[in-house]
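Trainee: Using our numbering, you'd call the opening residue of the sequence shown number 310 and step up by one each time.
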Amino acid sequence: MEAKAIARYVRVTPMKARRVVDLVRGKQANEALAILQFAPQGASEPVYKVVASAMANARQHADKAGVAFNEDDYVITEARVDEGPTMKRFRPRAQGRAYRINKRTSHVTIVVGTEEKGGDQ
Numbered sequence: 310m311e312a313k314a315i316a317r318y319v320r321v322t323p324m325k326a327r328r329v330v331d332l333v334r335g336k337q338a339n340e341a342l343a344i345l346q347f348a349p350q351g352a353s354e355p356v357y358k359v360v361a362s363a364m365a366n367a368r369q370h371a372d373k374a375g376v377a378f379n380e381d382d383y384v385i386t387e388a389r390v391d392e393g394p395t396m397k398r399f400r401p402r403a404q405g406r407a408y409r410i411n412k413r414t415s416h417v418t419i420v421v422g423t424e425e426k427g428g429d430q
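#1: Taking the alpha-carbon positions, what's the Gly-405 to Asp-331 distance?
#2: Can you grab the Cα-Cα spacing for the pair Ile-315 / Ile-419, in whole Å?
#3: With distance defined between alpha-carbon atoms, name the residue in Ala-367, Glu-392, Glu-387 and Asn-339 nearest to Pro-323.
#4: Just mark Met-364 as buried or exposed, buried being the case when its beta carbon has 16 or more other beta carbons within 10 Å.
#5: Could you tell me the distance, in whole angstroms, from the CA atom of Asp-429 to the CA atom of Asn-411?
#6: Checking the sheet assignment: what are the DSSP bridge partners for His-416?
#7: Within its chain, find whatever has a CB closer than 6 Å to the CB of Val-329; leave out the 5 residues flanking it on each side and keep chain order.
#8: When burial is assigned at 16 or more other CB atoms within 10 Å of the CB, is Ala-374 buried or exposed?
#9: What three-state label does DSSP hand Ala-338 in the structure shown?
#10: Have a look at the DSSP bridge pairing and note the partners of Ala-407.
#11: Using three-state DSSP, classify Val-359 as helix, strand or coil.
#12: Leaving out five residues before and five after Phe-378 in sequence, what residues of the same chain have Cβ atoms less than 8 Å from its Cβ?
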């Protein structure tokens, strides 16, 4: 069973968000939440919210399907950060010039799923 959560237009640069997402990619969902809770990076808070939301979505899918939900079975199967729109701002500089400031945004996507038990032969 899989569940997905997306946070769009997060005001964190994609490069900084990818550093945080790389910490939790492939990890067990509970372990990932613990890592993100204590990570010093500023981008860890929005990524934590997306992982928690994906777990809540998984719980809803399991309840709807009538399947027993166990948090320990879920693993982050896919985690990616895409670039969102860039807000362009201008900073006044010396001698009447203006420098452009790019305020970047990110789209964070997290997919959690259970590891399939049993083997393909």
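All C-beta atoms, glycine included, are put in the ideal place defined by N, C-alpha and C. Bear in mind the structure is a predicted one, so any value in this text is a computation, not a measurement.
Mentor: With the given structure in hand:
#1: For the purposes of this step, residue 405 is taken as the residue at position 96 of the sequence shown. For the purposes of this step, residue 331 is taken as the residue at position 22 of the sequence shown. Approximately 42 Å between the Cα atoms of the pair.
#2: By one-based count along the sequence shown, residue 315 stands at place 6. By one-based count along the sequence shown, residue 419 stands at place 110. Cα-Cα distance, rounded: 6 Å.
#3: Locating residue 323 in the sequence shown gives position 14, where the first residue counts as 1. The candidate whose alpha carbon is nearest that of Pro-323 is Glu-392.
#4: The residue you call residue 364 lines up with position 55 of the sequence shown. By the 10 Å Cβ count, Met-364 comes out buried.
#5: Looking up residue 429 in the sequence shown gives position 120. Looking up residue 411 in the sequence shown gives position 102. Residue placement at Asp-429 is flagged as unreliable, the pLDDT there being 48, under the threshold of 50; the coordinate-derived value follows with that caveat. Note on geometry: alpha-carbon atoms of Asp-429 and Asn-411 lie some 49 Å from one another.
#6: Taking the first residue of the sequence shown as 1, we reach residue 416 at position 107. Its beta-bridge partners are Asp-391.
#7: Start at 1 with the first residue of the sequence shown, and residue 329 comes out as number 20. Gln-350, Ala-352, Ser-353 and Val-356.
#8: Taking the first residue of the sequence shown as position 1, residue 374 is located at position 65. Counting Cβ neighbours within 10 Å, Ala-374 comes out exposed, since fewer than 16 surround it.
#9: Mapped onto the sequence shown, residue 338 falls at position 29. Correct three-state label for Ala-338: helix.
#10: Position 98 of the sequence shown, counting from 1, holds the residue named residue 407. According to DSSP, Ala-407 shares a beta bridge with Pro-401.
#11: In the sequence shown, counting from the first residue as 1, residue 359 sits at position 50. Note: Val-359 maps to helix in three-state DSSP.
#12: In the sequence shown, counting from the first residue as 1, residue 378 sits at position 69. Exclusion of the five residues before and after Phe-378 leaves Ala-367, Arg-368, Ala-371 and Asp-372 as the residues of its chain whose Cβ lies within less than 8 Å of its Cβ.
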